[in-house]
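Note sheet for the following structure.
In structure tokens:
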């Protein structure tokens, strides 16, 4: 649990940190009118076709500009196909450029807000190398990410990074805006939400420089 999280944000059990509680806080910080959570609790994609999913999500994602994805250790159900889970479908459609009436939706900016795990740690996403040469650079673990999110990390065209020169290390190091998905920890986002939203939009303005993954 984030140590400074006020209990008023928890929807049900104040003793158990859930993603919904963090979403409540994010909504309060940036305004509920600026947040859309596509699915209702417990709502399933089972049996829905691509066309049905799109018709359901189209009016919600068409006028949006930033897709904010809340990253948590339990966000992905490893026993269910990603095509049957809401988050990758919502991300997918928000990255499409689709005509609706007299308007064409643009590819959204993509912002990932990483929540702490039960131990108030972000180590499940950002680890640390044992190499003395590059241990100051966080190592990104994408195990808990959906494929469409993984595909938008380290995806800047022509940017293969550099190889660490440490003995027997050979880790690949990326600098600058190497990913279309802009990742930020929850406390950093809450402290300066506009800074990170603007950063995601800045990257979006250069979207042609990225191989954007838009499929599930």
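In this note's numbering, the protein residues as written are 138 to 353.
Glycine included, C-beta positions come from ideal geometry on N, C-alpha and C.
Same chain, Cβ closer than 6 Å to residue i, neighbours up to 5 away in sequence not counted
| i | result |
| --- | --- |
| residue 225 | 219, 283, 285, 353 |
| residue 254 | 210, 261 |
| residue 206 | 249 |
| residue 315 | 291, 293, 296 |
| residue 347 | 292, 293, 317 |
| residue 341 | 246 |
| residue 167 | 330 |
Coil, strand or helix - residue i by DSSP
| i | result |
| --- | --- |
| residue 284 | helix |
| residue 274 | coil |
| residue 344 | helix |
| residue 255 | coil |
| residue 293 | strand |
| residue 318 | strand |
| residue 332 | helix |
| residue 190 | helix |
| residue 150 | With a pLDDT of 46 at residue 150, under the threshold of 50, the predicted position of this residue should be treated as unreliable, and no value is reported. |
| residue 339 | helix |
| residue 141 | Caution is warranted here: a pLDDT of 45 is assigned to residue 141, below 50, making its placement in the model unreliable, and the coordinate value is therefore given only provisionally. It is coil, neither helix nor strand. |
Range of the contiguous beta strand (DSSP E) that encloses residue i
| i | result |
| --- | --- |
| residue 247 | 246-251 |
| residue 208 | 203-208 |
| residue 302 | Per DSSP, residue 302 belongs to no beta strand (DSSP E) and is neither H nor E. |
| residue 264 | 263-265 |
Same chain, Cβ closer than 7 Å to residue i, five either side skipped, listed in chain order
| i | result |
| --- | --- |
| residue 343 | none |
| residue 178 | Since pLDDT at residue 178 reaches only 49, below the 50 mark, its modelled position is unreliable, and the value read off the structure follows with that caveat. Once the five neighbours on either side are set aside, residue 178 has no close Cβ partner at all. |
| residue 203 | 245, 246, 248, 334, 337, 338 |
| residue 287 | 279 |
| residue 375 | Only positions 138 to 353 of the chain appear in the structure, and residue 375 is not among them; the question remains open. |
| residue 326 | 250, 333 |
Cβ neighbours of residue i in the same chain (closer than 8 Å, five flanking residues each side left out)
| i | result |
| --- | --- |
| residue 276 | 263, 264, 265, 266, 308 |
| residue 222 | 182, 213, 214, 283 |
| residue 156 | 207, 209, 211, 212, 252 |
Range covered by the alpha helix (DSSP H) that runs through residue i
| i | result |
| --- | --- |
| residue 223 | 223-231 |
| residue 158 | 156-167 |
| residue 324 | 323-328 |
Between the segment 312-331 and the segment 242-260, can you find at least three pairs of beta-carbon atoms closer than 8 Å? yes
Would you check if the segment 310-318 and the segment 293-301 touch, i.e. whether three or more CB-CB distances between them fall below 8 Å? yes
Touching or not, the segment 265-274 and the segment 327-342, by the rule of three or more beta carbon pairs under 8 Å? no
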